[in-house]
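Read in order, the letters of the sequence shown are residues 1461 to 1527 in the working numbering.
Beta carbons: idealized from backbone N, C-alpha and C, even for Gly.
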Amino acid sequence: MTCTVTALDGSFQVEQTVEGAVNSREDAEGLGKRLASLLVDHGANKVLDDVKRDREAKQANTQATTQ
């Protein structure tokens, strides 16, 4: 399984791949957690934090313009 996390402006990207047999829901969850951990270890949190800040700013702007 491969996952890519990309900055909103495309300036930074983290891509990681994990392999493993998936024979149960627990196997799938474990594989996903391993992949998530690798992404975080390689900088995905910076991208995700930027996405969160951008979303919050847009929500605040939307609320300000509707009041």
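Sequence-distant residues of the same chain with beta carbon closer than 6 Å to residue i, five excluded per side
| i | result |
| --- | --- |
| Val1474 | Val1465, Leu1499, His1502, Gly1503, Ala1504 |
Test: residue i CB closer than 7 Å to a CB of chain D
| i | result |
| --- | --- |
| Leu1495 | Reference to chain D is not applicable here, since this structure consists of a single protein chain. |
Where residue i falls, given that 16 or more other Cβ within 10 Å makes a residue buried
| i | result |
| --- | --- |
| Gln1476 | buried |
Residue i: first and last residue of the uninterrupted beta strand (DSSP E) it sits in
| i | result |
| --- | --- |
| Glu1516 | Per DSSP, Glu1516 belongs to no beta strand (DSSP E); it is in the alpha helix (DSSP H), 1504 to 1526. |
| Val1465 | 1462 to 1466 |
| Glu1475 | 1473 to 1477 |
Host alpha helix (DSSP H) of residue i (start-end)
| i | result |
| --- | --- |
| Val1500 | 1485 to 1501 |
Residues near residue i in its chain [Cβ-Cβ closer than 8 Å; skip 5 each side]
| i | result |
| --- | --- |
| Leu1491 | Met1461, Val1478, Gly1480, Val1482 |
| Ala1488 | Val1482 |
| Asp1514 | Leu1468 |
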